[in-house]
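Peer 1:
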Amino acid sequence: MSAVRRDGPAERHGGVRGVRGPTIPAVDEAGQPVGHEVPIGRMYTEVATIFEMYFDAACTNWKTGVREYIRKKSSDKVALTRRWGADAVEGVTSDTGLTVGEAYQDQLPTLAGYQPEIGPGAGLLSRTGLLTNRISEVYYWALPTDEYPEGVLAVVLGGTKVVHFGPLPYTEDTGRPFLPTVYFAIDPVPGSLYSKTPADDLALLCVQHNQHVAHLMMTLNRMAWPIWLMPEGTNIATFSGDPGQILRYNAFGANPAKPERVQGAGIPNGAITWLQVLEHNMEEITAAYAGTKGDRPAGVSAGIALQMIEDRKNQRFGPLYILWETAWAEWARQQLAIFKQFATEPRLVKIQGRGSLWRVQKFLGADLTGRVDVVAEAGSGAPMSTLVRRAENEQLVAMGALNMGDPEVVAKILADYGRERLVPGDESRCRDGRQAN
284 MSAVRRDGPA
294 ERHGGVRGVR
304 GPTIPAVDEA
314 GQPVGHEVPI
324 GRMYTEVATI
334 FEMYFDAACT
344 NWKTGVREYI
354 RKKSSDKVAL
364 TRRWGADAVE
374 GVTSDTGLTV
384 GEAYQDQLPT
394 LAGYQPEIGP
404 GAGLLSRTGL
414 LTNRISEVYY
424 WALPTDEYPE
434 GVLAVVLGGT
444 KVVHFGPLPY
454 TEDTGRPFLP
464 TVYFAIDPVP
474 GSLYSKTPAD
484 DLALLCVQHN
494 QHVAHLMMTL
504 NRMAWPIWLM
514 PEGTNIATFS
524 GDPGQILRYN
534 AFGANPAKPE
544 RVQGAGIPNG
554 AITWLQVLEH
564 NMEEITAAYA
574 GTKGDRPAGV
584 SAGIALQMIE
594 DRKNQRFGPL
604 YILWETAWAE
614 WARQQLAIFK
624 QFATEPRLVK
634 IQGRGSLWRV
644 QKFLGADLTG
654 RVDVVAEAGS
664 GAPMSTLVRR
674 AENEQLVAMG
684 ALNMGDPEVV
694 AKILADYGRE
704 RLVPGDESRC
714 RDGRQAN
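Just so it is clear: in the sequence shown, position 63 is 346 by the numbering used here, and no numbers are missing.
1. Beta-carbon within less than 8 Å of I353's beta-carbon, same chain only, minus the 5 sequence neighbours each way: which residues are those?
2. Please classify Y453 as buried or exposed, where buried requires at least 16 neighbouring CB atoms within 10 angstroms.
3. Give me the DSSP bridge partner(s) of D470.
4. For a test of the three-state rule: what should DSSP assign to M682, helix, strand or coil?
5. Taking A482 as the reference, give the member of V490, S475, L476 with the closest Cα.
6. Helix, strand or coil: how does DSSP classify T343 here?
7. Report the rounded CA-to-CA distance for K479 versus M687, giving the unit in angstroms.
8. Give every residue of the same chain whose Cβ lies closer than 8 Å to the Cβ of L685, excluding the five residues on either side of it in the sequence, and list them in chain order.
9. Below 6 Å CB to CB, which residues in the same chain sit around W511 once its five sequence neighbours on both sides are set aside?
10. Beta-carbon separation of W614 and V465 under 8 Å?
11. Pick out whichever of L603, R630, P629 has its Cα sitting closest to the Cα of D470.
12. Whole angstroms is fine: what's the gap from R459's alpha carbon to S358's?
13. Using the rule of at least 16 other Cβ atoms within 10 Å of the residue's Cβ for burial, across every protein chain shown, is G434 buried or exposed?
14. Flag this pair as touching only if the stretch 361-376 and the stretch 439-458 have three or more C-beta atom pairs under 8 Å; answer yes or no.
15. Under the DSSP definition of a beta bridge, which residues are partnered with G247?
16. Can you tell me which of I550, P316, A331, S377 puts its alpha carbon nearest to the alpha carbon of M506?
17. According to the neighbour-count rule (16 or more other Cβ atoms, all chains shown, within 10 Å of its Cβ), is I555 buried or exposed?
18. My output table needs one value for M336: the three-state DSSP class, helix, strand or coil.
19. What whole-angstrom Cβ distance do A537 and P514 have, given they're in contact under 8 Å?
20. If you draw a straight line from the alpha carbon of G701 to that of A674, how long is it in whole angstroms?
21. Tell me V632's beta-bridge partners as DSSP assigns them.
22. At which residues does the alpha helix (DSSP H) containing K623 begin and terminate?
23. Between the beta-carbon of A620 and the beta-carbon of E351, is there less than 8 Å?
24. How far does the alpha helix (DSSP H) with D359 in it extend, from its first residue to its last?
25. Inspect the CB distances between the stretch 556-568 and the stretch 516-536 and report whether three or more fall short of 8 Å.
26. Can you give me the start and stop residues for the beta strand (DSSP E) that L512 sits inside?
27. Mapping the DSSP letters down to three states, classify T457 as helix, strand or coil.
28. Quick one, which of P526, L631, V657, K645 has its alpha-carbon nearest R616's?
29. Looking at C-alpha atoms only, which residue of N344, V655, T328 is the closest neighbour of G474?
30. Out of D484, V375, N533, which has the shortest C-alpha to C-alpha gap to K444?
31. Per DSSP, what kind of secondary structure is P463 in: helix, strand or coil?
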């Protein structure tokens, strides 16, 4: 789930932080500076986990069904003071970890973090100190209603103190407010807005795989290694198993017998086969076939064969790619609407052209006049490995479908190999500092 935020004067309720760029100050006739610097700002996007979002799960479409939602996140007191001021944070106590869900959410920043303490309980002590210095920051977003025709954005700290209450800051070209959040779903669940992931189906197989590996290790340690049979009365007390050790045993008595070494039974072949079956099923669920992991499958060299493996993976995640393409298009529409609304200063955009050369273009928010629509190209969300592209190029060249005498074709093929700078013309332009056409 991605929360789109704006820049400009709405920094306090989620906008970007102002960035002061280098400027030449204006001076008057006496040489004294006049005017003042203003922050230009920078647009950014925050990624919110599902544990931070509260909404009506019965709505099956985020864009058309959800009219209000809450985002609750755990923030540091220093960051809250910088964002809302010392007066807003004064008197607010930490309210994190009140429930099991909140405690799990608050522990997320520390799950993969480095814990410098050493010793039992060191990680718990570090997390406890981190949580006591944090305060919940709740954002309530709501579309216009009869009571609030401009929508509502409210921010509450610590569950008790309202530090902001006002209309929605973002509007479309028509002036209608919108909610600046885009929902990226994985595998939709019928009748619910929540979605599943391949990890849900993979979890049970992972448990079975781990249990089976543990059993194999136990079998290896107990039965697969060689053992010694020590008859009663041999009187061996210094047996260590070191190479070259001389064992002295008692050969006298009614039934004299020497120690005997018995070879281990080894791991059953069926256990190895079952492990391979589990790993194969895990690959089927995640579509992590050979060729999609960066290696070339054994015995496969033709580009069409690699493309078949790639298409097999894309069929598994085809609905996911369509959902994400639609979500990215909605994200772009919201970004453009926010930019048109608040970008009043000139901006520069850098575009990489031929030969890895950069072109810089200046534009304003006013340049995006009229209605703007974004349409995601079908299939653009499906990744394609470099191995598949290279194999396809090799096959097209062998078929004669590509003219290697055309510099443009050579340049594009070299780009797939990451060697576009080998083209002499592009390299000379890079040295001279000229831009590519």
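Where is the CB? At the ideal position from N, CA and C, for every residue including glycine.
These numbers were taken from a predicted model, which means no experiment stands behind them.
Peer 2: The structure says:
1. Position 70 of the sequence shown, counting from 1, holds the residue named residue 353. Excluding residues within five positions, the ones whose Cβ falls inside 8 Å are M336, Y337, F338, V421, Y422, Y423, W424.
2. Here residue 453 is taken as the residue at index 170 of the sequence shown, counted from 1. Y453 is buried by the Cβ-count criterion.
3. Walking along the sequence shown from the start, residue 470 turns up at place 187. Beta-bridge pairing links D470 to K479.
4. Position 399 of the sequence shown holds residue 682. Helix.
5. One-based indexing of the sequence shown puts residue 482 at position 199. It is V490.
6. Locating residue 343 in the sequence shown gives position 60, counting from the first residue. Reduced to three states, the DSSP call for T343 is coil.
7. By one-based count along the sequence shown, residue 479 stands at place 196. By one-based count along the sequence shown, residue 687 stands at place 404. Cα to Cα, the separation comes out at about 47 Å.
8. Indexing the sequence shown from 1 puts residue 685 at position 402. Same-chain partners within the cutoff: N676, L679, V692, I696.
9. Within the sequence shown, the letter at position 228 stands for residue 511. Taken in chain order, the residues that qualify are P542, R544.
10. In the sequence shown, counting from the first residue as 1, residue 614 sits at position 331. In the sequence shown, counting from the first residue as 1, residue 465 sits at position 182. Yes, the Cβ-Cβ distance between W614 and V465 is below 8 Å.
11. For this step, residue 470 is matched to residue 187 along the sequence shown. Checking every option, the nearest Cα to that of D470 belongs to L603.
12. Here residue 459 refers to the residue found at position 176 of the sequence shown. Here residue 358 refers to the residue found at position 75 of the sequence shown. For R459 and S358, the distance between alpha carbons rounds to 31 Å.
13. Start at 1 with the first residue of the sequence shown, and residue 434 comes out as number 151. It counts as buried.
14. yes
15. This structure gives no information on residue 247, because the portion of the chain shown stretches from 284 to 720.
16. Taking the sequence shown and counting its residues from 1, one reaches residue 506 at position 223. When only C-alpha atoms are compared, the closest one is I550.
17. Indexing the sequence shown from 1 puts residue 555 at position 272. Exposed, since its Cβ has fewer than 16 Cβ neighbours within 10 Å.
18. As a first step, residue 336 must be located in the sequence shown, where it is residue number 53. Strand, per DSSP.
19. Reading the sequence shown from its first residue, position 254 is the one you call residue 537. Reading the sequence shown from its first residue, position 231 is the one you call residue 514. That pair is no contact at about 12 Å.
20. Taking the sequence shown and counting its residues from 1, one reaches residue 701 at position 418. Taking the sequence shown and counting its residues from 1, one reaches residue 674 at position 391. Between G701 and A674, the C-alpha separation is close to 14 Å.
21. In the sequence shown, residue 632 corresponds to position 349, counting from 1. For V632, which the question treats as bridged, DSSP gives the partners Q644.
22. Here residue 623 refers to the residue found at position 340 of the sequence shown. 601-625 is the span of the alpha helix (DSSP H), which, as asked, contains K623.
23. As a first step, residue 620 is located in the sequence shown; it is residue number 337 there, counting from the start. As a first step, residue 351 is located in the sequence shown; it is residue number 68 there, counting from the start. Result no, Cβ atoms of A620 and E351 do not sit closer than 8 Å.
24. Along the sequence shown, read from residue 1 onward, the residue named residue 359 stands at position 76. No alpha helix (DSSP H) holds D359; the beta strand (DSSP E) holding it covers 351-359.
25. no
26. For the purposes of this step, residue 512 is taken as the residue at position 229 of the sequence shown. From DSSP, the beta strand (DSSP E) with L512 extends over 510-512.
27. Taking the first residue of the sequence shown as 1, we reach residue 457 at position 174. Three-state DSSP puts T457 in coil, outside helix and strand.
28. Here residue 616 refers to the residue found at position 333 of the sequence shown. Answer by Cα proximity: V657.
29. In the sequence shown, residue 474 corresponds to position 191, counting from 1. Minimum Cα distance to G474 is reached at N344.
30. Translated into the one-based positions of the sequence shown, residue 444 becomes position 161. Considering only alpha carbons, the answer is V375.
31. For the purposes of this step, residue 463 is taken as the residue at position 180 of the sequence shown. Three-state result, P463: coil.
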